[in-house]
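Asks:
In UniProt numbering, the protein residues as written are 1 to 231.
1) Measuring alpha carbon to alpha carbon, tell me which residue in 30, 218 and 22 is nearest residue 7.
2) For residue 131, which residues of its own chain have a beta-carbon under 6 Å away from its beta-carbon, when the five flanking residues on both sides are left out?
3) Leaving out five residues on either side along the sequence, give the residues of the same chain with a beta carbon under 6 Å from the beta carbon of residue 99.
4) Measuring straight from C-alpha to C-alpha, what distance separates residue 148 and residue 174?
5) Pick from 61, 45, 36 and 86: whose alpha carbon is nearest that of residue 75?
6) Could you tell me which of 92, 164 and 111 sits nearest to residue 125, measuring between CA atoms?
7) Taking the DSSP output, what are the residues bridged to residue 27?
8) Along the beta strand (DSSP E) that carries residue 84, what are the first and last residues, could you check?
9) How many whole angstroms separate the CB atoms of residue 180 and residue 213, which I take to be in contact at a CB cut-off of 8 Å?
10) Hey, out of 158, 37 and 150, whose CA is closest to residue 122's CA?
11) Take the Cβ of residue 73 as the centre, count every other Cβ of all protein chains shown within 10 Å, and call the residue buried at 16 or more, exposed below.
12) Does DSSP classify residue 125 as helix, strand or coil?
13) Determine the contact status of residue 176 and residue 219, defining contact as a CB-CB distance below 7 Å.
14) Which residue wins for smallest C-alpha separation from residue 222, given the options 2, 5, 11 and 21?
Put into structure tokens, the structure is as follows:
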């Protein structure tokens, strides 16, 4: 499988997804949008991964590449590619599918549980062993559910946490790919956002919570296995 990913900021990369790609023998390429790199022909990729970032989907004047990125994501979906969006990536997918992206009631930053919905479908993607699991969060915006999409998960702080569109397009508001190093990177680069609120943990709590990394890696790889096995 030829995997291409879109990277929005230097400090948010593939994290544990890179290990899964190597383990499964797939090829991988990248467009670093923050360097204004060009997008590849869609004919060269099988799966598109859209990563997170500190910008918002509507900041097109400040980040001009957002316009062509949205067009590329839309074309990838329309052409039947497998697409995974994480955090900002999920919001971009929701946007191109016609759903609104707005400020969430709360910022959600830290380790908070995810509750699965539409159990039969969501367990096929995330694993059949539980209806709830931990995830790492760092977002202030939220997406509405796109037309014809299936809601997969929610949290106490955010109603729409995951959706599936036409079996092969998956949007995750939360992070399962996070590693200790990637959490350290985002804390270092986005420290100013750690303002005390109902669903914002302290820097000390964010960095001290290490007990969930093995489980979220398992969940991330289950998601990737789901996409890999689609025909």
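Heads up, the beta-carbon is just placed ideally off N, CA and C, and yes, glycines get one too.
Replies: The short version:
1) Nearest of 30, 218 and 22 to residue 7, Cα basis: 30.
2) Setting aside the 5 residues that flank it on each side, residue 131 is surrounded in the same chain by 116, each with a C-beta closer than 6 Å to its C-beta; the list follows chain order.
3) Taken in chain order, the residues that qualify are 143, 144 and 146.
4) Straight-line measurement puts the Cα of residue 174 at about 21 Å from the Cα of residue 148.
5) Closest in alpha carbon position to residue 75, among 61, 45, 36 and 86, is 45.
6) That would be 164, whose Cα lies nearest to the Cα of residue 125.
7) In the DSSP output, where bridge partners are listed per residue, residue 27 has 2.
8) Unbroken beta strand (DSSP E) run through residue 84: 82-86.
9) Yes, residue 180 and residue 213 are in contact; Cβ-Cβ is about 6 Å, under 8 Å.
10) Answer by Cα proximity: 150.
11) Residue 73 is buried by the Cβ-count criterion.
12) DSSP places residue 125 within a helical segment (H, G or I) once states are collapsed to three.
13) Yes, the Cβ-Cβ distance between residue 176 and residue 219 is below 7 Å.
14) Answer by Cα proximity: 21.
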